[in-house]
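Here is the structure we will look at.
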Amino acid sequence: MNEVGYGVGEMMRRGRIEVVCGSMFSGKTEELIRRMRRAQFAHQKVEIFKPGIDVRYSEQDVVSHEGTSIPSTPVDSSQSILLLAGDSDVVGIDEAQFFDDGIVDVCNQLANDGIRVIVAGLDLDYRGIPFGPMPKLLSIADDVTKVHAICVRCGALAYVSHRIVAGDRQVLLGETKEYEPLCRQCYLKAVKENKETQQSLF
Ligand code: ZN
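Under the working numbering, the residues of the sequence shown are numbered 3 to 204, in order.
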């Protein structure tokens, strides 16, 4: 192959996995949308999938907190992505933490087929524990971007989405009123305060 031919047409289509992770309000979805839009400008066929569970704002669009959106398809299981990805050049997956573990193989398979896969998701749940299939996705990724919100208590970079309301279900959608982004130190302080409050009730 000559030098001119290299990097043209199909050669541009290199399968890879990119993961964008971070806490709530860190701009993960904005970053996913930004990358998908750039691919659209380059006339690539793009398709976004999200778990059917995420119906906060819209059934059909991936909508970020900033209000920008891109059309998407809600799916009930990771396997559906393989069936629906078709001849896409770029596949986006939003809220990946809510998918089943099969999402790891699905991403690998898509990338092996030459598709660029861009995954966005919460790295940690509100207890600071790695969320669902995210640790595995981070491991198999060719490229990882960790984005940060700002700690609402001290202004440092946040690392976790602290749950303000009571209850211990891991999956709780709903946003601003229920979670706050906190840095490690403020999170530890908040957990300690919560325990003290709970103990004083007895
Ligand atoms: Zn802080």
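Here a beta-carbon is modelled for each residue, glycine too, at the ideal position from N, C-alpha and C.
Below 6 Å, is the gap between the Cβ of residue i and the nearest heavy atom of the ligand FAD?
{"i": "ARG165", "result": "This structure lacks the ligand FAD; its bound ligands are the ligand ZN."}
Go ahead and label residue i buried or exposed: buried means 16 or more other beta carbons lie within 10 angstroms of its beta carbon, across all protein chains shown.
{"i": "SER90", "result": "buried"}
{"i": "PRO2", "result": "Residue 2 is absent from the model: the chain starts at 3 and stops at 204."}
{"i": "ILE19", "result": "buried"}
{"i": "GLU195", "result": "exposed"}
{"i": "ALA44", "result": "exposed"}
Would you identify the three-state DSSP class for residue i, choosing helix, strand or coil?
{"i": "PHE51", "result": "strand"}
{"i": "ASP78", "result": "coil"}
{"i": "ARG18", "result": "strand"}
{"i": "TYR161", "result": "coil"}
{"i": "ILE152", "result": "strand"}
{"i": "CYS188", "result": "helix"}
{"i": "GLU32", "result": "helix"}
{"i": "GLU180", "result": "coil"}
Rounded to whole angstroms, what's the CA-CA distance from residue i to residue j? Just pull it up for me.
{"i": "LYS197", "j": "LYS191", "result": "10 Å"}
{"i": "GLN200", "j": "SER82", "result": "43 Å"}
{"i": "GLY29", "j": "SER141", "result": "21 Å"}
{"i": "GLY134", "j": "GLY88", "result": "26 Å"}
{"i": "THR31", "j": "ASP96", "result": "7 Å"}
> If you scan the region 84-150 from start to end, which runs of the beta strand (DSSP E) of 3 or more residues do you find wholly inside it?
Replying inline: 92-95, 118-124, 145-149
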